[in-house]
Amino acid sequence: MNTGISIRSGKLLTIVALMLLAAQVQAISTAALQQGIPSLAPMLEQVTPAVVSISVSKAMPTAGRYFFNGKELPEGARRFFGEVPDLTNEVPQWSYATGAGSGVIVDAAEGLIITNHHVVADASQITVWLNDDRSLRAKLLGSDPGTDVALLQVEAEDLVEIDFADVSTVAVGDYVVAIGNPFGIGQTVTSGIVSALGRAGINNNNYEDFIQTDAAINQGNSGGALVDMEGSLIGINTAIISGSGGSNGIGFAVPTDMVATVMEHLRRDGEVRRGLLGVTIADATPDIVAALDVQVDYGAVVTSVIPDSAADKAGVLVSDVIVEIDGEEVHGSRQLRNRVGLMLQEQEVELALYRNGKRETLLARIGGSSGQALVAVSPDAVNKEFRGAMLETIRSDYPVIKQGVEVVSLSQSGGSWAAGLREGDVIVEVNRKQIADLEAFNAATSANAEGSTGSITALTIIREGRKMLLFLP
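See the structure below:
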């Protein structure tokens with residue numbers, strides 16, 4: 011009898027414990043609901059109306075033929091019909107291709123929309139679909155293939171715009187959200203983090219300073235928004251690296267500081283009229299600055315100066331290391347190229363540079379050109395070896411140049427060709443020290459190889475009357 015009472019008491023205690031546990035879980039759940047589970051929904055509710063879908067149609071000429079060619083008729087038929095002219099001349103016809111992308115409303119009052127150049131390039135008709143399912147015909151105000159940015163305009167009421175973030179505060183690891191129209195299926199939101207800043211080299215002909223993100227970006231996201239957790243725009247999605255065409259966690263966005271500058275150019279002129287400084291440059295790598303004996307570990311090394319250019323008029327010289335432009339540090343050749351390329355023509359800028367170990371400041375007035383602002387020499391183009399070149403001391407009757415070593419021949423399969431030397435070049439300096447003849451050249455290059463100044467040898471050459479700088483390991 012006591013045993014039965016004990017069992018019943020044990021069951022009762024278990025039931026009471028379970029009831030207490032359930033009450034505690036319910037209390038915790040209620041508290042969680044009251045506090046709110048973290049969600050992006052409130053922010054997206056404000057931002058997504060500013061992101062639009064874009065559809066384009068492009069007229070593409072094709073060649074059509076008449077189906078009837080009398081000359082291809084059988085002999086008997088030709089006798090029956092008589093002489094029939096050849097009607098197979100090409101007849102112009104048109105077909106239409108369609109595409110989809112995304113865009114961002116940046117000025118609701120003016121109806122201005124930012125998208126990618128490659129989304130609307132050569133479009134014969136551009137249609138914008140708003141978040142509320144309205145469709146609008148869009149006008150292309152201007153486009154810049156160099157930055158892959160285009161500016162559209164629509165006429166509509168009750169548009170919602172998105173604010174620009176201060177992109178200088180963006181850091182690797184920040185959470186971001188990508189909004190766009192992938193594969194044309196409709197507005198889609200994905201999230202991730204900022205994976206890297208200042209990415210370049212995706213397309214070497216372009217002006218690049220990309221924000222890299224692992225937020226899923228697919229075809230059709232081009233021109234869409236990359237926003238921070240406050241819903242402010244930090245970039246315009248533009249490219250992915252993918253073998254399949256789908257997202258693999260490597261996407262790129264044009265930062266809003268570059269977008270804002272390009273937008274003003276397009277709004278005013280319909281194009282970006284790029285500034286021209288008139289130099290070719292290379293990154294100031296540790297080996298290169300050691301060869302130049304410059305006490306600085308960043309900047310852009312001037313490898314040649316275009317005669318009568320803005321740089322030439324300002325007094326920029328070959329082997330100068332440009333470290334600042336208008337008070338902002340220049341960390342490499344691409345950064346300088348981007349800055350100058352987006353400056354206004356005739357704008358006066360201050361260049362800080364190192365020359366012969368001393369810091370100097372020059373004033374330059376940016377020139378204009380339909381071409382590129384700078385021809386940046388990639389570090390990959392730095393010479394790999396110094397072989398295959400036949401050198402001779404220049405003749406005493408050599409025009410203008412009185413001392414140096416001439417490249418009389420070289421093999422195109424040799425390292426010196428890849429390094430940039432060409433037949434007829436005259437080498438006048440090794441590591442900024444003048445050389446008189448082949449013996450001095452050999453001594454200088456041997457001393458550099460045995461010394462501790464670094465593995466790069468800087469050669470100053472004269473080519474067709476123009477001074478240039480090459481770097482040889």
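First residue of the sequence shown: 11, per our numbering; consecutive thereafter.
Cβ coordinates follow ideal geometry from the N, Cα and C atoms, glycine included.
One question on the structure: do SER63 and VAL129 come within less than 8 Å of each other, judged by their Cβ atoms?
Not closer than 8 Å, so no.
Can you give the Cα-Cα distance for LEU161 and GLU120, rounded to whole angstroms?
Spanning the two alpha carbons is a distance of roughly 12 Å.
What does GLU485 pair with, by DSSP beta-bridge criteria?
Examination of residue 485 is not possible in this model, given that the chain is present from 11 through 483 alone.
Measuring CB atoms only, is the stretch 217-230 touching the stretch 353-360, in the sense that at least three cross pairs come out at less than 8 Å?
Contact fails: fewer than three Cβ-Cβ distances are below 8 Å.
Here's the rule I'm using: 16 or more other beta-carbon atoms within 10 Å means buried, otherwise exposed. How should GLN135 be labelled?
Exposed is the call here.
Would you kindly work out how many angstroms separate the C-alpha atoms of ASP267 and LEU207, rounded to a whole number?
Cα to Cα, ASP267 sits roughly 13 Å from LEU207.
When you compare the stretch 331-338 with the stretch 189-209, are there three or more beta-carbon pairs, one atom per stretch, that lie closer than 8 Å?
Because the criterion of three Cβ pairs below 8 Å is not met, the stretch 331-338 and the stretch 189-209 do not touch.
Looking at C-alpha atoms only, which residue of ILE124, ASP303, ARG209 and GLY234 is the closest neighbour of LYS368?
If we check each option's Cα against that of LYS368, ASP303 comes out closest.
Would you kindly work out how many angstroms separate the C-alpha atoms of ARG147 and VAL164, rounded to a whole number?
Roughly 7 Å separates the two Cα atoms.
Which complete beta strand (DSSP E) runs does the stretch 206-254 hold, if anything under 3 residues is left out?
220-223, 235-237 and 243-250, all fully within the stretch 206-254.
In chain order, what residues of the same chain have a beta carbon less than 7 Å from the beta carbon of ALA453, not counting five sequence neighbours either side?
None.
Could you tell me which of ARG442, LEU420, GLY285 and ALA249 sits nearest to SER329, measuring between CA atoms?
Nearest of ARG442, LEU420, GLY285 and ALA249 to SER329, Cα basis: ARG442.
So, using beta-carbon positions, are PHE481 and ALA468 closer together than 8 Å?
Cβ atoms of PHE481 and ALA468: closer than 8 Å.
Distance, Cα to Cα, LEU50 vs VAL186?
About 11 Å.
Can at least three beta-carbon pairs, one atom from the stretch 295-312 and one from the stretch 107-122, be found at a separation below 8 Å?
Too few Cβ pairs lie closer than 8 Å, so no.
Residue range of the alpha helix (DSSP H) that ARG8 falls in?
Absent from the structure is residue 8, since the part of the chain shown begins at 11 and ends at 483.
Would VAL182 be called buried (16 or more neighbouring beta carbons within 10 Å of its own) or exposed?
Classification of VAL182: exposed, given that the 10 Å Cβ count is below 16.
Identify, in the order they occur along the chain, each residue of the same chain with its Cβ nearer than 7 Å to the Cβ of MET5, setting aside the five sequence neighbours on each side.
Beyond the ends of the chain as shown, which are 11 and 483, falls residue 5; an answer cannot be given.
Output needed for GLU240: all residues of its chain with C-beta closer than 8 Å, excluding positions within five of it in sequence on either side, in chain order.
So the list reads MET53 and ALA175, once near-sequence residues are dropped.
Please classify ILE47 as buried or exposed, where buried requires at least 16 neighbouring CB atoms within 10 angstroms.
Under this definition ILE47 is an exposed residue.
Contact defined as beta carbons within less than 8 Å: I believe ASP238 pairs with ILE244. What is the distance between those atoms, to the nearest angstrom?
About 5 Å separates the two Cβ atoms, so the contact holds.
Using 8 Å as the threshold, is the stretch 369-379 in touch with the stretch 287-297, meaning 3 or more CB pairs across them?
As far as the Cβ criterion goes, the stretch 369-379 touches the stretch 287-297, which means the pair count is three or higher.
Could you tell me which residues DSSP pairs with LEU363 in its beta bridges?
The partner list for LEU363 (beta bridge, DSSP) reads ILE332 and GLU370.
Pull up the CB-CB distance for VAL66 and ALA133, whole angstroms please, since I reckon it's below 8 Å.
The pair is a contact, with the Cβ atoms about 4 Å apart (cut-off 8 Å).
Measuring CB to CB, does LEU431 end up less than 8 Å from VAL440?
Going by C-beta atoms, LEU431 is not nearer than 8 Å to VAL440.
Closest to GLU274 by C-alpha separation, out of PRO409, ILE123 and ALA301, would be which residue?
Of PRO409, ILE123 and ALA301, the residue nearest in Cα terms is ILE123.
Roughly how many angstroms lie between the CA atoms of SER484 and LEU346, to the nearest whole one?
Residue 484 lies beyond the range of the chain shown here (11 to 483); nothing can be said about it.
List, from N- to C-terminal side, the beta strand (DSSP E) runs of 3 residues or more that fit wholly inside the stretch 106-147.
DSSP runs (the beta strand (DSSP E)) wholly in the stretch 106-147: 122-125, 135-139 and 145-147.
Can you give me the C-alpha to C-alpha distance between ALA249 and LEU236, rounded to a whole angstrom?
C-alpha separation (whole angstroms): 12 Å.
Verify whether the separation of the beta carbon atoms of LEU448 and GLU402 is less than 8 Å.
For LEU448 and GLU402, yes; Cβs fall inside 8 Å.
Could you pull out every unbroken alpha helix (DSSP H) segment of at least 4 residues lying fully inside the stretch 275-333, listed in chain order?
You should have 296-301 and 320-324.
Using a Cβ-Cβ cut-off of 8 Å (strictly less than) and excluding sequence neighbours within five positions of ASP224, which residues of its own chain qualify?
Taken in chain order, the residues that qualify are GLY202, ILE203, SER205, GLY259, ILE260 and GLY261.
Please state whether DSSP places ARG442 in a helix, a strand or coil.
Note: ARG442 maps to coil in three-state DSSP.
Compare the C-beta of ILE189 against all C-beta atoms of chain B and say whether one is closer than 8 Å.
Any reference to chain B falls outside this structure, which holds one protein chain only.
Expressed to the nearest angstrom, what Euclidean distance is found between the alpha-carbon atoms of ARG284 and VAL350?
The straight-line gap from Cα to Cα measures roughly 8 Å.
From what residue to what residue does the alpha helix (DSSP H) around GLN345 run?
Run containing GLN345: 343-351, per the alpha helix (DSSP H) assignment.
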